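Asker:
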Amino acid sequence: MAQTQDTPSGPPYVPTAIALVGGHPTVGLDIPICAVFLAIYVLGAISHMTVFQLNRKRGHKFLMSWAMFGFCMARNATFVLRIVWATRPNNASVVIASMIFSAAGVLVAYVVMLLLSLRLFRATHPEFGWKKGLRMACKGLYITLFVAFVLTISFTIESFYTLDAKIKNVALWIQRASSLIMLLFNVASLVILSLSIFLPRTSPPENFGAGSIKRKTTILCVMMFFVLFIIGFRFGTAWTDARPASNPAWFDSKAAFYIIEFAFEIVVIYGFLLTRFDRMFWVPNGSAKAGDYKKLRDVAQEGEEMDERLSSSGGESVPALKQNKNAAEADK
């Protein structure tokens with residue numbers, strides 16, 4: 060979203076003198092591509108919301124399915140706006156909205172990756188994963204990411220409404236700083252995931268949800284690769300000086316734009332959907348300390364009746380599961 064001086068025709072001013080990542084959309088090429096991506100994201104939104112609602116009816120609380128639905132809906136808006144931009148190339152408001160939605164949606168994937176990495180680390184190293192310091196650090200990361208995003212959007216919009224070189228330069232550096240913060244946010248997820256894999260364990264892992272720790276780790280590593288590739292591409296383009304519109308760089312091409320920024324996102328969206336991450340990464344409601352993940356599995360082994368109830372209503376909190384276990388013992 061980096062901006063430099065453009066040909067005056069406003070305000071707001073439509074960037075025409077510089078090359079944009081993905082270029083200016085055209086009716087003949089971009090609309091068919093956007094229509095295909097739009098259909099894929101619509102299907103992803105429907106699928107994740109369907110999973111969320113089915114789980115909710117069973118009492119299985121997994122808000123990340125809802126978050127992925129929101130991610131897909133943001134992308135639907137992105138491609139609708141890009142189609143409108145192709146048909147109205149001089150409408151600066153549409154250009155601004157398209158760029159904002161293009162930058163905003165992927166933040167959901169960043170947050171989800173951090174949450175899942177943290178859950179895995181708490182399972183493999185509960186003595187460290189539940190430390191208050193780590194919890195506060197993660198909250199700080201969320202707040203920093205949100206503030207950086209708000210500032211970026213504010214100054215990006217302002218840069219479209221002025222020709223003042225100083226304001227445009229400030230907006231540019233805020234955009235670059237924001238991309239750095241987003242990169243570091245994802246590096247934090249990578250560090251936590253790496254610690255869960257390579258840090259020596261002092262106790263057996265406390266598995267959670269469906270599937271083994273190894274399977275969870277493999278899925279997160281694959282998804283982490285694509286998310287890091289996306290943020291790496293965005294970081295690189297933000298910190299590279301804009302090229303003239305007549306001589307764009309390779310990263311300004313439509314192929315790089317659609318494949319790296321959106322096709323890779325689709326891998327993440329459908330990867331989580333098809334691997335049923337709503338079951339694999341579910342944890343008991345109310346989990347707050349080491350041992351809470353393991354207690355769920357202990358209760359599930361109390362008998363066939365208790366196990367059947369757990370699988371059908373997997374959203375019970377730890378306190379409720381404790382009560383069920385005590386009741387079962389009292390009946391004996």
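If you use the working numbering, the sequence shown corresponds to residues 60 to 391, in order.
Each residue gets a CB set at the ideal place from its N, CA and C atoms; glycine is no exception.
These numbers come from a predicted model, not from an experiment.
Inspect the beta-carbon positions of residue 241 and residue 171 and report whether they are closer than 7 Å.
Answerer: As a working note, residue 241 is residue 182 in the sequence shown. As a working note, residue 171 is residue 112 in the sequence shown. Result no, Cβ atoms of residue 241 and residue 171 do not sit closer than 7 Å.
Asker: Roughly how many angstroms separate the alpha carbons of residue 152 and residue 111, rounded to a whole number?
Answerer: On the sequence shown, residue 152 is found 93 positions in, with the first residue counted as 1. On the sequence shown, residue 111 is found 52 positions in, with the first residue counted as 1. C-alpha separation (whole angstroms): 34 Å.
Asker: By Cβ distance, which residues of its chain are closer than 8 Å to residue 125, with the 5 residues on each side in sequence left out?
Answerer: In the sequence shown, the residue the question calls residue 125 occupies position 66. Excluding sequence neighbours, residue 125 sits near 107, 108, 111.
Asker: Would you call the CB atoms of residue 230 and residue 78 closer than 7 Å?
Answerer: Translated into positions along the sequence shown, residue 230 becomes position 171. Translated into positions along the sequence shown, residue 78 becomes position 19. The answer is no: Cβ separation not under 7 Å.
Asker: What's the gap between the Cα of residue 146 and the Cα of residue 119?
Answerer: By 1-based counting over the sequence shown, the position of residue 146 is 87. By 1-based counting over the sequence shown, the position of residue 119 is 60. Approximately 44 Å between the Cα atoms of the pair.
Asker: Answer with buried or exposed for residue 66, where buried requires no fewer than 16 other C-beta atoms within 10 angstroms of its C-beta.
Answerer: Here residue 66 refers to the residue found at position 7 when the sequence shown is read from its first residue. The predicted model places residue 66 with a pLDDT of 46, which falls under 50 and marks its position as unreliable; any figure quoted below should be read in that light. Classification for residue 66: exposed.
Asker: Tell me, which residues are paired with residue 77 by DSSP?
Answerer: For this step, residue 77 is matched to residue 18 along the sequence shown. Partner(s): 303.
Asker: Would you call the stretch 200-207 and the stretch 295-309 touching, i.e. three or more CB-CB distances under 8 Å?
Answerer: The stretch 200-207, when compared against the stretch 295-309, does not touch it at the 8 Å Cβ threshold.
Asker: Put residue 107 into one of helix, strand or coil per three-state DSSP.
Answerer: Along the sequence shown, read from residue 1 onward, the residue named residue 107 stands at position 48. If DSSP states are grouped into helix, strand and coil, residue 107 belongs with the helices.
Asker: Residue 308 by DSSP, collapsed to three states: which one?
Answerer: The residue you call residue 308 lines up with position 249 of the sequence shown. In the structure shown, residue 308 sits in coil (DSSP, three-state: anything other than H, G, I, E or B).
Asker: Can you confirm whether the stretch 182-198 touches the stretch 252-270 when touching is taken to mean that 3 or more C-beta pairs between the two stretches lie within less than 8 Å?
Answerer: Enough Cβ pairs lie closer than 8 Å, so yes.
Asker: Once you ignore the five residues that flank residue 278 on each side, which residues in its own chain have a CB closer than 6 Å to its CB?
Answerer: The sequence position of residue 278 within the sequence shown is 219, counting from 1. Hits under 6 Å: 334.
Asker: Rounded to a whole number of angstroms, what is the C-alpha to C-alpha distance between residue 270 and residue 282?
Answerer: As a working mapping, residue 270 is identified with position 211 in the sequence shown. As a working mapping, residue 282 is identified with position 223 in the sequence shown. Looking at the two C-alpha atoms, the distance is approximately 17 Å.
Asker: Any idea what DSSP makes of residue 72, helix, strand or coil?
Answerer: Numbered from 1 along the sequence shown, position 13 holds the residue referred to as residue 72. Coil at residue 72, not helix or strand.
Asker: With distance defined between alpha-carbon atoms, name the residue in 81, 96, 74 nearest to residue 310.
Answerer: Translated into positions along the sequence shown, residue 310 becomes position 251. Among 81, 96, 74, the Cα nearest to that of residue 310 belongs to 81.
Asker: Just reading off the alpha helix (DSSP H) that residue 192 is part of, what are its end residues?
Answerer: Mapped onto the sequence shown, residue 192 falls at position 133. Residue 192 -> alpha helix (DSSP H) spans 191-219.
Asker: Rank 228, 254, 217 by C-alpha distance to the C-alpha of residue 159 and give the top, closest one.
Answerer: Counting from 1 along the sequence shown, the entry for residue 159 is found at position 100. Considering only alpha carbons, the answer is 217.
Asker: Compute the Euclidean distance between the alpha carbons of residue 267 and residue 189, then round it to the nearest angstrom.
Answerer: On the sequence shown, residue 267 is found 208 positions in, with the first residue counted as 1. On the sequence shown, residue 189 is found 130 positions in, with the first residue counted as 1. Rounded to whole angstroms, residue 267 to residue 189 spans 15 Å at the Cα level.
Asker: Give the range of the alpha helix (DSSP H) segment to which residue 144 is assigned.
Answerer: If you number the sequence shown from 1, residue 144 lands on position 85. Where residue 144 is concerned, the enclosing alpha helix (DSSP H) stretches over 122-146.
Asker: Taking just the CA atoms, how far does residue 280 sit from residue 139?
Answerer: Counting from 1 along the sequence shown, the entry for residue 139 is found at position 80. Counting from 1 along the sequence shown, the entry for residue 280 is found at position 221. Taking the straight line from one Cα to the other gives about 32 Å.
Asker: So the alpha helix (DSSP H) residue 170 belongs to, where does it begin and stop?
Answerer: As a position in the sequence shown, residue 170 is number 111, starting the count at 1. Residues 166-183.
Asker: Below 7 Å between beta carbons: does that hold for residue 22 and residue 130?
Answerer: No answer is possible for residue 22: the residues shown for the chain start at 60 and end at 391.
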